[in-house]
Each structure stands twice: as structure tokens, then as C-alpha cells.
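J.: Throughout the sequence shown, residue numbering follows mature numbering (1 follows the signal peptide of the UniProt record, and there is no 0), covering -21 to -1, 1 to 169 in sequence.
Can you keep this structure in mind? I'll have questions shortly.
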Amino acid sequence: MQTKLFSSLFTHALLAICLLACNSTDKSENQPTNQTSTSVNPSDTTLNTETVMEHPTPPPPALLSSQKGPDDSQVDLLKAQVKGSILTVELQYKPGSEDKPVSSTYAINQVSVTDEVTTKTYSVMKDGSGHYMASPMRTDQGKQLINIAISSYDKPVAVWFKFPAPPVDTKTIAIKIPDVGTYKGIPISR
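In C-alpha cells form, the structure reads like this:
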């Protein structure tokens, strides 16, 4: 009688373990997991497991154009985009030489955008307080200036300006930046 009872308990315990194992496998199949690669070297008794994490890397900003800037720097035009009634222009100043810092200061009223078909020129917009909509900015003796200062090779400086949006049929513009020159034939994204 004890043997039957022991055998029955053993069978039920074994069945419960099998059910738990099957149930835990089903749960793991329904949940997201990392991809795991496992390899076994027959001559080695160690087990190598490598987990591969998938992290999407954002693409670098698209480059519309690039020109030489002050102090042998490179000035990349990254964006000329209209949203609503505002055209946003974004630039990035990067040093051209590892040992040479970049410094440039210019009046914001010298920056402009020109519609290449109508030749109408637009100046940087001002907010309700009379400040130009641009960055990085500083004021010197009441004059609002763009101030670029890069002290090391690995630190580019982002610069942006806001202009009134050209008409909807305007496809390309020219962007004039002091100490850099004019970017011509720049397509506007809308």
C-alpha cells in the first residue's frame, strides 16, 4: 500500500514539474526578449552566451550644403524648413583643424535669405520684445550678435535663425551668412 502511495505521489510530482516547465515556456514565447546567441566549443567545456541588444541609432542630420567658415572651420547647412509662416535655418560650425579654435561674431542683421526666383530678401525675425529669433546670441552695446566660440575639436556649435516663410511656390533660396558666404540653390522643405 505504501509503495502504491509513493508511486502515485512520485507520478503526480513528475507530472506537476512537466506542466510547470511547459507553462513557463509558453509564457516566455509571448513576451519580448533579447536575441541570444549560444555557442559550445566541443573541445572546451565552457558555454559562450552573447546577448544582442537592438538599439536604433538616429541617422545624422542630412547635409544640405557645406562651406568654409572663419578660422578654417566647416559650416554645414543642415536645415531650411518651413512650418506655418516661419522658415527655420539650422547650421553647424565645426573646427577644421584640431589645434585651432573657432571664433566668429557678427551682427544678426547681416544674415539674410533670398528667394532665388523673385530676388526678395528676408531678414531674421524679431519676437514681441524686439529680440532676434536666433541662437547663440549675445548683446554688445545694444547690438544683438551671433557669437560662435569653439575651443576644442570635438564640440561643434549649432546655430539657427527664424525668417518669415517665402511664398509656397518658392522652391529654392540663397542664405547669406557673414564670415561664411552665401549658400545658393538650397531647397526648402515644407
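We treat Cβ as the ideally placed atom computed from N, Cα and C, and that holds for glycine.
No experiment lies behind these values; they were computed from the predicted model shown.
1) Can you tell me which of the three DSSP states residue 129 falls into?
2) Let me make sure I understand the geometry here. Which of 67, 91, 55, 78 has the alpha-carbon closest to that of residue 153?
3) Report the residue from 130, 150, 160, 158 whose alpha carbon sits nearest the alpha carbon of residue 95.
4) Buried or exposed: which applies to residue 65, given that a residue is buried once 16 or more other Cβ atoms fall within 10 Å of its Cβ?
5) Should residue 202 be labelled buried (16 or more other beta-carbon atoms within 10 Å of its own) or exposed?
6) Assign residue 148 to buried or exposed, taking buried as 16 or more other Cβ atoms, counted over all protein chains shown, within 10 Å of its Cβ.
7) When you compare the CB positions of residue 67 and residue 122, do they come within less than 9 Å of one another, or not?
8) DSSP state of residue 50, grouped into three classes?
9) By the DSSP assignment, the beta strand (DSSP E) with residue 116 in it spans what residues?
10) Determine which residues share a DSSP beta bridge with residue 143 and list them.
11) Are there 16 or more other CB atoms within 10 angstroms of the CB of residue 83, so buried, or fewer, so exposed?
12) Using DSSP bridges, identify the partner residues of residue 102.
13) Suppose you measure from the CA of residue 54 to the CA of residue 89; what does that come to, to the nearest Å?
14) Looking at C-alpha atoms only, which residue of 134, 135, 130, 112 is the closest neighbour of residue 124?
15) For the candidate residues 164, 49, 146, whose alpha-carbon lies nearest to that of residue 99?
16) Note the first and the last residue of the continuous beta strand (DSSP E) segment covering residue 167.
T.: To lay it out plainly:
1) strand
2) 91
3) 150
4) exposed
5) Residue 202 is absent from the structure shown; the chain starts at -21 and stops at 169.
6) exposed
7) no
8) helix
9) 116 to 119
10) 65
11) buried
12) 91
13) 17 Å
14) 112
15) 146
16) No beta strand (DSSP E) contains residue 167, which DSSP labels as neither H nor E.
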